[in-house]
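The next block holds one structure in the form of structure tokens; read it before the comments.
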Amino acid sequence: DAGVTQSPTHLIKTRGQHVTLRCSPISGHKSVSWYQQVLGQGPQFIFQYYEKEERGRGNFPDRFSARQFPNYSSELNVNALLLGDSALYLCASSLYDWNTEAFFGQGTRLTVV
Amino acid sequence: AQKITQTQPGMFVQEKEAVTLDCTYDTSDPSYGLFWYKQPSSGEMIFLIYQGSYDQQNATEGRYSLNFQKARKSANLVISASQLGDSAMYFCAMRPGGGGSNYKLTFGKGTLLTVNP
Chain B
5 DAGVTQSPTH LIKTRGQHVT LRCSPISGHK SVSWYQQVLG QGPQFIFQYY EKEERGRGNF
65 PDRFSARQFP NYSSELNVNA LLLGDSALYL CASSLYDWNT EAFFGQGTRL TVV
Chain H
853 AQKITQTQPG MFVQEKEAVT LDCTYDTSDP SYGLFWYKQP SSGEMIFLIY QGSYDQQNAT
913 EGRYSLNFQK ARKSANLVIS ASQLGDSAMY FCAMRPGGGG SNYKLTFGKG TLLTVNP
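Top to bottom, those sequences are chains B and H.
Just so we're aligned: 89 in my numbering is position 85 of the first sequence, and the numbers increase by one with no gaps anywhere.
Just so we're aligned: 926 in my numbering is position 74 of the second sequence, and the numbers increase by one with no gaps anywhere.
Below, the structure is given as structure tokens:
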């Protein structure tokens, strides 16, 4: 079975641009979470979606938004990119929202220049 | 608010020896879950071990064990018989407990483990 897949794997954008990152959870998993990992830090929670509803939001500006589709895949959108948005963006899926284990994808490395 | 503290930025261990990675946490939630993840240079976060706050016994998964001391709010990871492939970044994390709670993981800053041959 395929694990969590994220696309693209690497991305370079210019300040002020918009970016869309995509995540496909493990088949049957209904919960998707997004994390931002800046170099040298642990991941920080951005959003969680379960059954297409937002279940949690971290301390990120409104430039960050996300959605979950009927097939449980998810998109993370970031508007008006700043240099500080350069990071590894990780997606995690779990079967339900209270499961003990979340499976992570390999991430999308975003560089803003 | 939940907080995870990992005080060891880097650790070195000889191959085949055991190593302990420290993690302390702070939370006001009555129930919670504690995790350890391994992150190799490829970037993927690999789940290692889980401990629930009400679990009576310390969790073990193969060469990994979690030394859970609730009164001290510590959840140290012990890796026995280290292997060269264990060289990676290790993160301690926690989430609120209880059924139906949102799946927000709070991570520490990580410990970079290097296994020497």
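The beta-carbon is built from N, C-alpha and C at its ideal position, and this holds for glycine as well.
The shortest CA-to-CA distance from residue 8 of chain B to any of B:114, B:109, B:116 and B:113 is the one to B:109. Proximity of residue 925 of chain H to chain B, defined by a Cβ-Cβ separation below 8 Å, is not satisfied. Each of B:99, B:84 and B:58 was checked against the Cα of residue 72 of chain B, and the nearest Cα belongs to B:58. Counting along the chain, the unbroken beta strand (DSSP E) around residue 889 of chain H starts and ends at 884-891.
Three or more beta-carbon pairs separated by less than 8 Å are not found between the stretch 875-883 of chain H and the stretch 32-49 of chain B, which leaves the two stretches without contact. For residue 35 of chain B, the nearest CB of chain H lies under 8 Å from its own CB, placing it at the interface with that chain. Against chain H, the CB of residue 70 of chain B has no partner CB under 8 Å away; the residue lies outside that interface. Taken atom to atom, the span from the alpha-carbon of residue 955 of chain H to that of residue 856 of chain H is near 16 Å. The C-beta of residue 40 of chain B comes no closer than 8 Å to any C-beta of chain H. Taking a Cβ-Cβ threshold of 9 Å, none of the residues of chain B is close to residue 920 of chain H; the smallest such distance is about 14 Å.
Within the stretch 885-902 of chain H, 885, 887, 889, 891, 894, 895, 896, 897, 898, 899 and 902 place their CB atoms closer than 9 Å to a CB of chain B, listed in sequence order.
Taken residue by residue, none of the stretch 14-33 of chain B has a beta-carbon sitting less than 7 Å from a beta-carbon on chain H. The residues 905, in chain order, have a CB closer than 8 Å to that of residue 922 of chain H in the same chain once the five nearest residues on each side in sequence are set aside. The beta carbons of residue 112 of chain B and residue 47 of chain B sit no closer together than 8 Å.
When only Cα atoms are considered, residue 862 of chain H and residue 881 of chain H end up about 30 Å apart.
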